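Q:
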Amino acid sequence: MQKVLRKRILRDFKENLVRYLALGALIVLCMYVIISLIGTADTIITGSEKFGETHKVEDGQFSTFVPLTDAETEQLFEKGVELEAQFYLDYELADESTLRMFKNREKINLIAVDQGKEPEKEDELVLEKRYAEEHGLGVGDKIVVGGKDMHICGIGCSPDYDATYKDFTDSSVSSIQFGTVFVTKEAYQNFLEEKNSVKVEEYIYAYRMVEVSDGRTMTEDELKEWLDNLKVEADEIEDAYFQEFWKEQTKEKTKFEDGIADLKDGAGELADGLEELSGIKTGLLPLDEGIIEASEGAGKLKDGVDEFADETQEFLDENFDVEISNLRQIIKKGDNPRILAAANDQVINKYGGLIAGVIVLILFAYVISVFVVYGIEKENSTIGALYALGVRKRELILHYLCLPVVVCLIAGAIGFVIGFGGIGESTIMGNCYSYFSIPYMEPMCPAYLYVYGIILPPVLSAVVNYFVISGKLNKPALAMLRNEQKQSKISNVKLGKMGFVTKFRIRQMLREARTSATVLGGMFISLLILMLGLDCMVMCNHISIANKEDTKFEYLYTYKYPEESVPKGGHEAFAKTMKKENLGYNLDVTILGITEENPFFDVNLTDSKSEVVISSAMAQKYGVREGEIIVLEDEETETHYAFTVKEIALYSTSFYVFMDIEQMRELFGESETYYNQVFADAELDIESGRLYGVTTKKDIEKSADVFINQMKPMIVMMVGVAILIFGVVMYLMMKVMIDRSAFHISMVKVFGYRSKEINKLYLNGNFYIIAVGAAVCIPVVKKVMDMMYPVMVSNVACAMELAFSWQLYALVYAGVIATYLIINALLVGRLKRVNLAEVLKNRE
Amino acid sequence: MYLEIKDLKKSYGEGGSYIQVLKGVTTGVEQGQMCVIEGTSGSGKSTLLNCIGGLDLPDSGSIVVDGQEIVGLKPEKLSDYRRERLGFIFQFYNLIPNLTVRENVQVCEYLSEHPMDMDELLETLGLTEHQNKFPSQLSGGQQQRCAIARALIKNPKLLLCDEPTGALDSKTSRDILALLEKVNEKYGTTMLIVTHNNSIKNMVHKVIRIKDGQISKEYVNETRIPAMELEDL
Chain A
1 MQKVLRKRIL RDFKENLVRY LALGALIVLC MYVIISLIGT ADTIITGSEK FGETHKVEDG
61 QFSTFVPLTD AETEQLFEKG VELEAQFYLD YELADESTLR MFKNREKINL IAVDQGKEPE
121 KEDELVLEKR YAEEHGLGVG DKIVVGGKDM HICGIGCSPD YDATYKDFTD SSVSSIQFGT
181 VFVTKEAYQN FLEEKNSVKV EEYIYAYRMV EVSDGRTMTE DELKEWLDNL KVEADEIEDA
241 YFQEFWKEQT KEKTKFEDGI ADLKDGAGEL ADGLEELSGI KTGLLPLDEG IIEASEGAGK
301 LKDGVDEFAD ETQEFLDENF DVEISNLRQI IKKGDNPRIL AAANDQVINK YGGLIAGVIV
361 LILFAYVISV FVVYGIEKEN STIGALYALG VRKRELILHY LCLPVVVCLI AGAIGFVIGF
421 GGIGESTIMG NCYSYFSIPY MEPMCPAYLY VYGIILPPVL SAVVNYFVIS GKLNKPALAM
481 LRNEQKQSKI SNVKLGKMGF VTKFRIRQML REARTSATVL GGMFISLLIL MLGLDCMVMC
541 NHISIANKED TKFEYLYTYK YPEESVPKGG HEAFAKTMKK ENLGYNLDVT ILGITEENPF
601 FDVNLTDSKS EVVISSAMAQ KYGVREGEII VLEDEETETH YAFTVKEIAL YSTSFYVFMD
661 IEQMRELFGE SETYYNQVFA DAELDIESGR LYGVTTKKDI EKSADVFINQ MKPMIVMMVG
721 VAILIFGVVM YLMMKVMIDR SAFHISMVKV FGYRSKEINK LYLNGNFYII AVGAAVCIPV
781 VKKVMDMMYP VMVSNVACAM ELAFSWQLYA LVYAGVIATY LIINALLVGR LKRVNLAEVL
841 KNRE
Chain B
1001 MYLEIKDLKK SYGEGGSYIQ VLKGVTTGVE QGQMCVIEGT SGSGKSTLLN CIGGLDLPDS
1061 GSIVVDGQEI VGLKPEKLSD YRRERLGFIF QFYNLIPNLT VRENVQVCEY LSEHPMDMDE
1121 LLETLGLTEH QNKFPSQLSG GQQQRCAIAR ALIKNPKLLL CDEPTGALDS KTSRDILALL
1181 EKVNEKYGTT MLIVTHNNSI KNMVHKVIRI KDGQISKEYV NETRIPAMEL EDL
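These protein sequence lines map, in sequence, to chains A and B.
When the letters of the first sequence are read in order and numbered with our numbering, they come out as residues 1 to 844.
When the letters of the second sequence are read in order and numbered with our numbering, they come out as residues 1001 to 1233.
(1) Is B:Glu1109 buried or exposed, if buried means 16 or more other CB atoms sit within 10 Å of its CB?
(2) Is the shortest distance between the beta-carbon of A:Glu480 and the beta-carbons of chain B less than 7 angstroms?
(3) Does the region 25-36 of chain A come close enough to the region 350-360 of chain A to have 3 or more Cβ pairs within less than 8 angstroms?
(4) Taking buried to mean at least 16 other C-beta atoms within 10 Å of its own C-beta, is B:His1067 buried or exposed?
(5) What is the rounded straight-line gap between the Cα of A:Val796 and the Cα of A:Asn586?
(6) Looking only at DSSP bridge pairs, what is A:Phe600 linked to?
(7) I need the DSSP call for B:Met1191, collapsed to helix, strand or coil.
(8) Give me the residue from A:Pro446, A:Met150, A:Val406, A:Gly146 with the minimum Cα distance to A:Asp12.
(9) Among A:Met218, A:Pro337, A:Phe62, which one has its Cα closest to the Cα of A:Ile204?
(10) Could you work out which residues of chain E lie near B:Cys1161, taking near to mean beta carbons separated by less than 9 angstroms?
(11) If you draw a straight line from the C-alpha of B:Asn1221 to the C-alpha of B:Gly1016, how long is it?
(12) Considering only residues of the same chain and omitting the five flanking positions on each side of A:Val519, which have a CB-CB separation below 6 angstroms?
(13) Tell me the DSSP secondary structure of B:Gly1054 in three-state form.
(14) Measure the beta-carbon distance from B:Ser1041 to B:His1196 and round it to whole angstroms, keeping in mind my assumption that it falls under 8 angstroms.
(15) Within the 7 angstroms Cβ cut-off, does B:Ser1079 reach chain A?
(16) Exposed or buried, which one is A:Glu124 when buried takes at least 16 other CB atoms within 10 Å?
(17) What three-state label does DSSP hand A:Lys251 in the structure shown?
(18) Can you tell me whether DSSP reads A:Ser461 as helix, strand or coil?
(19) Please state whether the Cβ-Cβ distance between A:Lys580 and A:Glu635 is less than 7 angstroms.
(20) Taking all protein chains shown into account, do 16 or more other C-beta atoms lie within 10 angstroms of the C-beta of A:Asp95, making it buried, or fewer, making it exposed?
(21) Would you say A:Arg754 reaches chain B, if we count a Cβ-Cβ gap shorter than 7 angstroms as a contact?
(22) How would you list, in chain order, the residues of chain B whose beta-carbon sits under 9 angstroms from the beta-carbon of A:Met737?
(23) How big is the Cα-Cα spacing for A:Glu377 and B:Leu1111?
(24) Give a yes or no on whether the minimum CB-CB distance between A:Arg514 and chain B is below 7 angstroms.
(25) Pull up the CB-CB distance for B:Ile1176 and B:Gln1144, whole angstroms please, since I reckon it's below 8 angstroms.
(26) Counting only beta-carbon separations shorter than 7 angstroms, does A:His542 have a partner in chain B?
(27) Threshold first: 4 residues or longer. Then list the alpha helix (DSSP H) segments lying entirely within the region 280-364 of chain A, N to C.
(28) From A:Lys129, A:Asp228, A:Gly421, A:Ala85, pick the residue whose C-alpha is nearest to that of A:Ile108; which is it?
(29) From A:Ile324 to A:Glu276, what does the alpha carbon distance come to, in whole angstroms?
(30) Below 9 angstroms between beta carbons is the criterion; list the residues of the region 1011-1034 of chain B that meet it against any residue of chain A, in chain order.
(31) Is the Cβ of A:Arg740 closer than 7 angstroms to any Cβ of chain B?
(32) Which residues in chain B have a C-beta closer than 7 angstroms to the C-beta of A:Arg511? List them in chain order.
(33) Quick one: Cα of A:Ile630 to Cα of A:Tyr561, how far?
(34) Name the one or two DSSP bridge partners that A:Gln115 has.
(35) I'd like to know if A:Leu808 contacts chain B, where contact means its C-beta is closer than 7 angstroms to some C-beta of that chain.
(36) Mind pulling the chain A residues with CB within less than 9 angstroms of B:Glu1103?
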């Protein structure tokens, strides 16, 4: 039986070639996109982990005031902590970009040279690949760094700069502005001695936890404690700016010590003088006795002052710690935004892709089932006859399942091959390569992806269609022979008194409820994809525009060692970096203490240590509203601070918590004049040795466009896929609707209905479904995507402005309606060409 | 003559599959007449009916209905012609399944500026108590009555019936034919009934027999028998 029925399958396929080809093409496209996304994600995640292993990525890094001694390094090694100094120097190039120079690594964060070789001579360097790409540099080219001509001997990358953020607080990577280079030890030493770096050398150590013989490897917390206890005398720190800073910090104590010393000296001199005087006899007994008593008293005073001075010194030493911890900062690998950034970026893509794939496949399976059902309804009498002749339901189910399953299998497999092959995965990986500094990774396809791409589409199609087809074939043979149409409850609904046209349309809509629901389902899913693309576009555009608008200052100087007084023309600020968790990612938030006079921030400061104003970027990212309490963590001291949000200030560039600088100084125990940042609208004359860095408005403006440039291909792809899914699903479903009504449409034409009237009765209902459906779906989908999107970009530290302008809503709505009208015109055109006599003849 | 057909030709297909269905049919029907077009399967009777109804375009010839030539009319004009003058009744009723009886009739009521009274028509056709039922809840006879009501509601001058009793048992067929007869008498509707049932010709005013695309016999029935007395239906 099956053999005979199988002959029909090919005929059925040929008969509905356009329909199956359109759907097949859509499955191919969706599987291509999804397999590309998931495959890329797997390749990047696994490849990055492997890269980290082979190139010994650090477990963390810390910076110190003074370099560690060999003995300290040895001690740590014995405790299972392998260290490698990864000091660096920053150089500004002629194009105002910055290159960070490291010695070539030997133990940790080894560089991977994609082209060329590692540096061997003093004038050779390996240039970080993304910077090289952005600047059109290659092996053999020359580059001037720190006033020296250097030869590029290799292009590569290192696992500790997977995302080449210049500073940890940067929200985007800009390889036009920043990159890394690696030189030989000797070359680095020469650069260091020439002191052309824009800032002093940073003492950074990368560490890896290794097995030790007694099996007792230090934990990272123990390492932090150990480093915290590593004290240095201020005098040991050679940096002149540090010494100046330290003097300023300890000047009160020094004054006090000087006073005590003066007192001590005075008391000693007094005692000595009186003792000397007591040796001279005046002959006046009472006077001589008085002098002796005074001398004894002065001696006692001296002893007392000495004792006081000793006690006071002890007290001062106890309470004014002159030894400072050598540890400046420690960052674990997991908290370092530069490490595994590409892999972290792909995690959401992977799981999002897996879920999206299943949803889209179920939709397509359902779309197929709708026209399989339509086919069954047309063949009711034939099926009844087959039942009467002894054919089993199971055989017919298999027959009707065959084509959808085969179409899904072939389309899924083609999509899988394209997605995994050169066109798909490598295209999306290209996007990744154009942002992250990672080595070339061989595209990989884990076993589950084969199952997902090749087995899942036909299986889902079989399951969905089985239930739908099985239900349709449940009728008794006689009922099918007679082609009895069972009215569903929803179709039987009583409509009461209303106009004929309205009533007719409602009946028509109820009749096509399943098909309409599929169209709306398709609309919902395609709008989700569209909204994903548009949210991404709106967010990136907002960053691009608002970051430029909101940045009122021209220069931001971040101090390592602030001067005693604020440079003229500058506005002091006190910035403290805290952590705040967002959906599993611990992002940096800066508490910024500013003065009321600061012209660069439009903020209503409070006279409170607990009430703060937060930037709109932070409010959007963390979903915080006025009146709510936010908790920030100071990781260095492991202290949590809770603040009440009094107001949200319009500022999109950074996650800021604004405070009055005086309140902030008091809160964090700093002096009344302390500051560590200066904002200015013109360049200030500040020695580079005092600074961590300078951020200019130009830097911010350049990096503001990075997101939109990076995401543009993805946005275009999302919008394109959404339009295609919507167009094809709507075409197929409307075709089914019109096909199902074709006979009745022809019938009413026979009665004398004109085209306009037919549209009014049969087709305008579809328009209302689409029009109302879109009006409901667009805001609902937008709301859903606004909830989902922040999760998708939870690792990105940027403002989350997702609001659409009314024009954009109108454009989306108009797009939906236009798609409907085009498809409607295509289908109605076919309807007009129908031969009425033929239709009647076929029916009978 | 209310309906005048001259030298009507119609063919289908090309080359080897070419077939001439109507080979120069010439005939006519007077206003208010009931006329049967009979013939064997494939004789061309349904094609002739479809051409008269403006559903199929003849290759050549002329069809004049109430003084209006319909051959060569544009689709929109043909729609107007059907809308204003014609009613159709089919063998398999062709009711719209998701509309109630009343709503099915309203489909054609909507087309007429001066429709018949709906309630009166439903009453005449014995459908009052079924007016809120869906076609699937009706018997074949009731469905055909609904189809007749739908055809008559717009008060057509010409009613085209294609095998109106072809799917019904003899008792129901008789009822339906009696109904048509009653409508013809009451409203003066001209009726063309395509059938291969030999008995129906006995109740009508005129009989046209078609064979191989040509009229083989045409005569006026002088001895009409009322529908309720027809035998062998």
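Note that the Cβ used here is the ideal one computed from N, Cα and C, for glycine as well.
Everything numeric in this text was worked out from a predicted model, so none of it was measured.
A: Reading from the atomic positions:
(1) buried
(2) Here residue 480 of chain A turns out to be Met, not Glu, going by the sequence shown. No, A:Met480 lies away from the interface with chain B (no Cβ there is under 7 angstroms from its Cβ).
(3) yes
(4) Sequence inspection shows Gly at residue 1067 of chain B; the His mentioned does not correspond to that position. Exposed is the call here.
(5) 10 angstroms
(6) Partner(s): none; A:Phe600 has no beta bridge.
(7) strand
(8) The residue with the shortest Cα to Cα distance from A:Asp12 is A:Val406.
(9) A:Phe62
(10) Although the question refers to chain E, the structure presented lacks it and instead comprises the protein chains A and B.
(11) 40 angstroms
(12) Cβ neighbours of A:Val519 beyond the five flanking positions: Met730, Met733.
(13) coil
(14) The beta-carbon distance between B:Ser1041 and B:His1196, rounded to whole angstroms, is 7 angstroms. This is short enough to meet the 8 angstroms contact definition.
(15) yes
(16) buried
(17) Of the three classes helix, strand and coil, the one that applies to A:Lys251 here is helix, per DSSP.
(18) A:Ser461: helix per DSSP, three-state reduction.
(19) no
(20) That one is exposed.
(21) Taking 7 angstroms as the CB threshold, A:Arg754 lines the interface with chain B.
(22) Correct list: empty, because the minimum Cβ distance to chain B is about 13 angstroms.
(23) Near 30 angstroms, if we compare the C-alpha coordinates of B:Leu1111 and A:Glu377.
(24) no
(25) 5 angstroms
(26) Chain B, which has no Cβ nearer than 7 angstroms to the Cβ of A:His542, makes this no.
(27) 285-319
(28) A:Ala85
(29) Each residue's Cα considered, the two are about 45 angstroms apart.
(30) none
(31) no
(32) Asn1098
(33) 30 angstroms
(34) A:Ile155
(35) no
(36) Chain A residues near B:Glu1103: Leu495, Phe500, Lys503, Phe504, Arg507.
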